[in-house]
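Enquirer: Here it is, the structure, as structure tokens.
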Amino acid sequence: MSSGKRAVKVKTPNGKEMELVPEKAWALAPKGRKGVKIGLFKDPETGKYFRHKLPDDYPI
DNA sequence: ATAATTGT
DNA sequence: ACAATTAT
Numbered sequence: 284m285s286s287g288k289r290a291v292k293v294k295t296p297n298g299k300e301m302e303l304v305p306e307k308a309w310a311l312a313p314k315g316r317k318g319v320k321i322g323l324f325k326d327p328e329t330g331k332y333f334r335h336k337l338p339d340d341y342p343i
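Numbering (our numbering), first residue to last: 284 to 343.
Listed below in structure tokens is the structure:
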């Protein structure tokens with residue numbers, strides 16, 4: 284559950300725009316506020332993990 | 001234990 | 001400040 288499904292256009296920490304599937308995806312929102320969705324990605328170029336906002340309609 | 005991720 | 005998550 285809560286794992287990534289579809290690919291997302293993300294900006295890697297090195298500034299490359301690419302489509303990646305998040306290893307994990309979840310909602311990050313305070314109580315009573317809208318918040319955002321966050322994905323955990325691994326840059327295939329460097330192996331570095333990073334987090335990135337997901338589209339609001341991304342399936343969690 | 002902390003950083004980092006967004007928007008209110 | 002607050003929310004969840006997890007690699008570091």
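Ideal Cβ placement from N, Cα and C applies to all residues, glycine included.
Which word fits Pro342, buried or exposed, when buried means at least 16 other C-beta atoms lie within 10 angstroms of its C-beta?
Expert: On the first sequence, position 59 is the one that residue 342 refers to. By the 10 Å Cβ count, Pro342 comes out exposed.
Enquirer: What's the call for Leu311, buried or exposed, on a 16-neighbour Cβ count within 10 Å?
Expert: Indexing the first sequence from 1 puts residue 311 at position 28. The residue in question, Leu311, is exposed, as its Cβ has fewer than 16 Cβ neighbours within 10 Å.
Enquirer: Quick check on the DSSP output: the beta strand (DSSP E) that includes Arg334 runs from which residue to which?
Expert: Taking the first sequence and counting its residues from 1, the one referred to as residue 334 is at position 51. 332 to 337 is the extent of the beta strand (DSSP E) around Arg334.
Enquirer: When the Cα atoms are used, what is the spatial distance from Val291 to Gly298?
Expert: Numbered from its first residue, the first sequence carries residue 291 at position 8. Numbered from its first residue, the first sequence carries residue 298 at position 15. The straight-line gap from Cα to Cα measures roughly 15 angstroms.
Enquirer: Taking DSSP's pairing of strands, which residues face Gly322 in a bridge?
Expert: If you number the first sequence from 1, residue 322 lands on position 39. Ala308, His335, per the DSSP bridge assignment.
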